[in-house]
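One point on numbering: in UniProt numbering, the residue at position 12 of the sequence shown is 12, and numbering is uninterrupted. Here is the structure we will look at, set down as structure tokens.
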Amino acid sequence: MEPLLYVLAIMGCGDDSGACQQARVEPARYTSIVACQEAMPAALRRNTDLEFPVISATCQRTSDQMVDARPPAARSGG
1 MEPLLYVLAI
11 MGCGDDSGAC
21 QQARVEPARY
31 TSIVACQEAM
41 PAALRRNTDL
51 EFPVISATCQ
61 RTSDQMVDAR
71 PPAARSGG
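Pasting the structure below:
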């Protein structure tokens, strides 16, 4: 089983903090949700140049596993 990793996504939102969309993902990977959350204040300060009324951040679970995008028939060699 692969270890879980977290990325810190920077979100741009409307005035009411609604209709948020992912604007950036910080390059660092975190091994725990706590470490990711602790990095949020500094990440938000680094991303104040975004053109949104409200900037927020969220930690998202990810992994470095690769995905096979070939059709199922191509995976089995047939």
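Using N, Cα and C, we set each Cβ at its ideal position, and we do this for glycine too. Keep in mind it's a predicted model, so treat the numbers as computed, not measured.
C-alpha of residue 30 to C-alpha of residue 62: approximately 10 angstroms in a straight line.
By the criterion of a C-beta distance shorter than 6 angstroms, residue 9 is surrounded in its chain by 22, 25, 58 and 60, once the five residues flanking it on both sides are discounted. Using a 10 angstroms sphere on the CB of residue 55, the tally of other CB atoms reaches 16 or more, which defines it as buried.
Considering only 20, 11, 6 and 4, the residue with the shortest C-alpha distance to residue 45 is 11. If you compare the alpha carbons of 13, 15 and 37 with that of residue 7, the shortest gap goes to 37. In the DSSP annotation of this structure, the continuous segment of the alpha helix (DSSP H) that includes residue 44 starts and ends at 33 to 46. Looking at 5, 13 and 33, the one whose alpha-carbon comes closest to that of residue 50 is 13.
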